[in-house]
Every structure is written in C-alpha cells, then in structure tokens.
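Colleague: Before I ask anything, here is the structure I am working with.
In this note's numbering, the protein residues as written are 160 to 368.
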C-alpha cells in the first residue's frame with residue numbers, strides 16, 4: 160500500500176508511506192515538512208515505520224527527518240553521493256531560507272542495494288542511482304508491486320530541475336533514459352511534486368514512444 164501525504168514548509172512536497180498490508184510495517188519516504196502531521200498519521204494508522212528513506216538531500220525532502228528520527232528511533236538512509244547535502248545547508252538549500260537544516264545519524268546507500276522490511280523480508284525496495292537532480296539522487300523501486308518512488312528525478316511532465324548546487328542536466332537525461340524510462344511500462348512512478356504516472360505514459364510525453 161502506498162499512502163501519499165502532501166506537506167508544506169517553504170515548498171509543498173509529497174511524502175510517501177510504503178506499507179506492507181500483511182504486517183502494517185513499512186518505510187517512510189522523503190518526510191519534507193510538518194513532522195507532527197506525519198507522526199500523527201503514523202500513530203493514527205498504527206503503522207510500524209522501520210526506516211526513513213531519502214531520494215535526495217534537498218530541504219523540502221528532509222525537513223521533518225530529525226523530529227521523526229528521534230520520535231520513532233529509526234535509521235535514515237541516503238545515497239553516499241548526497242551525504243554532503245545532509246551536512247551543509249547551502250547544498251540542501253535550507254540556508255537560503257534561514258533554516259540551517261543539518262541531519263545526523265544517517266546510513267549510506269549505494270546503487271543496487273536492496274532495502275528489506277525486517278517484519279517481512281519479501282517486502283523490499285531496490286535502490287537505483289539516478290544522478291542529475293543531485294549527485295546522489297535515487298529511485299526506490301518495487302518490482303513486485305510495480306511502483307517506484309522517483310523523488311525529483313522526474314515530474315509528471317518532464318525531467319527534474321538541475322539548476323541547484325550539484326545538479327547536472329546531462330547526468331539527469333542519462334538517468335531518465337537508461338534507468339527510469341527503461342523500467343516496465345506499467346510501473347507507477349511516484350514523484351516528489353506531481354501526481355503518479357506510469358513509465359509508459361511518461362515515455363510518450365518525453366520520448367514520443
């Protein structure tokens with residue numbers, strides 16, 4: 160089950176819960192703001208969140224991390240190439256808005272890692288490294304459920320932005336074509352800032368095929 164929660168800080172962003180229906184346990188992806196709302200949603204539904212997963216390190220995807228990390232006592236995972244974004248408010252953009260967000264106590268991911276649920280190891284997400292929006296941007300992919308959490312690598316109508324520190328348009332285009340749009344066409348893509356769209360639909364929009 161995927162539950163989307165739209166949260167608003169400086170920007171509006173989609174936070175996602177990916178929950179195993181069998182156990183009620185799952186993952187929290189990109190908690191960007193409104194930590195109290197995210198926390199109350201978890202409590203109201205009785206979910207056991209095992210890990211916080213970050214598609215990348217921008218402030219609108221990490222703003223609620225510290226509160227939730229402390230209240231849930233769970234690990235935070237991010238790709239190693241985005242570690243700097245958790246340490247430096249310039250890179251995560253929070254310094255531009257007087258926030259100064261710094262995240263501590265995280266674990267580093269790499270390409271092709273598989274993140275399994277402790278409660279049910281058959282429930283998992285695969286890490287696909289998709290640099291471009293940031294150097295360490297990733298997609299969390301479930302081949303079993305035919306879905307992927309793409310962060311800001313992709314919006315419904317086009318590629319993510321590359322005009323922030325560490326962004327690279329050429330890398331992003333390669334990531335999209337070789338890693339995201341090469342997934343099965345019926346894979347549903349959940350973005351940080353737009354509504355879900357299938358790989359097949361996105362291929363028609365971007366590639367005309």
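Using N, Cα and C, we set each Cβ at its ideal position, and we do this for glycine too.
Only counting the same chain, and skipping five residues up and downstream in sequence, which positions put a Cβ closer than 8 Å to that of residue 354?
Modeller: For residue 354, where only same-chain residues beyond five positions count, the Cβ hits under 8 Å are 315.
Colleague: In whole angstroms, what is the alpha-carbon distance linking residue 319 and residue 312?
Modeller: One C-alpha to the other measures close to 5 Å.
Colleague: Leaving aside the five residues before and after residue 451 along the sequence, list all residues of the same chain whose C-beta is less than 8 Å from its C-beta, in chain order.
Modeller: No answer is possible for residue 451: it lies beyond the span of the chain, which begins at 160 and ends at 368.
Colleague: Based on the DSSP secondary-structure assignment, which residues constitute the bridge partners of residue 236?
Modeller: Its beta-bridge partners are 212, 266.
Colleague: On a CA-only basis, which of 202, 236, 201 is nearest residue 216? Give me that one, please.
Modeller: Minimum Cα distance to residue 216 is reached at 236.
Colleague: With DSSP run on the structure shown, which of helix, strand or coil describes residue 195?
Modeller: Helix at residue 195.
Colleague: Under three-state DSSP, which class holds residue 310?
Modeller: Residue 310 falls in the strand class under three-state DSSP.
Colleague: Nearest CA to the CA of residue 193: which residue from 174, 323, 186, 184?
Modeller: It is 174.
Colleague: By how many angstroms is the C-alpha of residue 212 removed from the C-alpha of residue 206?
Modeller: Distance between the alpha carbons of residue 206 and residue 212: 16 Å.
Colleague: Can the beta-carbon of residue 182 be found less than 8 Å from the beta-carbon of residue 278?
Modeller: Closer than 8 Å, so yes.
Colleague: If the criterion is Cβ atoms closer than 8 Å, does the pair residue 310 and residue 351 meet it?
Modeller: Result yes, Cβ atoms of residue 310 and residue 351 sit closer than 8 Å.
Colleague: So residue 334 is in the alpha helix (DSSP H); what residue range does that whole segment cover?
Modeller: Element bounds for residue 334: 328–334.
Colleague: Indicate the three-state DSSP secondary structure (helix, strand or coil) for residue 364 in the structure shown.
Modeller: In this structure, residue 364 counts as helix in the three-state DSSP scheme.
Colleague: Using C-beta distances below 8 Å, list every residue in its chain close to residue 332, excluding the 5 sequence neighbours before and after it, in chain order.
Modeller: The answer, listed in chain order, is 291, 318.
Colleague: Buried or exposed: which applies to residue 210, given that a residue is buried once 16 or more other Cβ atoms fall within 10 Å of its Cβ?
Modeller: That one is buried.
Colleague: Does the beta-carbon of residue 346 have 16 or more other beta-carbons within 10 angstroms, so that it is buried, or is it exposed?
Modeller: Counting Cβ neighbours within 10 Å, residue 346 comes out buried, since at least 16 surround it.
Colleague: If contacts are defined as beta-carbon pairs under 8 Å, then residue 325 and residue 293 qualify, I think. What distance do you get, rounded to the angstrom?
Modeller: Confirmed, about 5 Å.
Colleague: If you run the structure through DSSP and keep just helix, strand and coil, what is residue 317?
Modeller: Here residue 317 sits in strand by DSSP.
Colleague: With DSSP as the reference, please indicate the residues paired to residue 281 in a beta bridge.
Modeller: None; residue 281 has no bridge partner.
Colleague: Could you give the distance in angstroms between the alpha-carbon of residue 186 and the alpha-carbon of residue 256?
Modeller: Taking the straight line joining both Cα atoms gives about 28 Å.
Colleague: For residue 346, does the three-state DSSP call read helix, strand or coil?
Modeller: DSSP places residue 346 in coil when its eight states are reduced to three.
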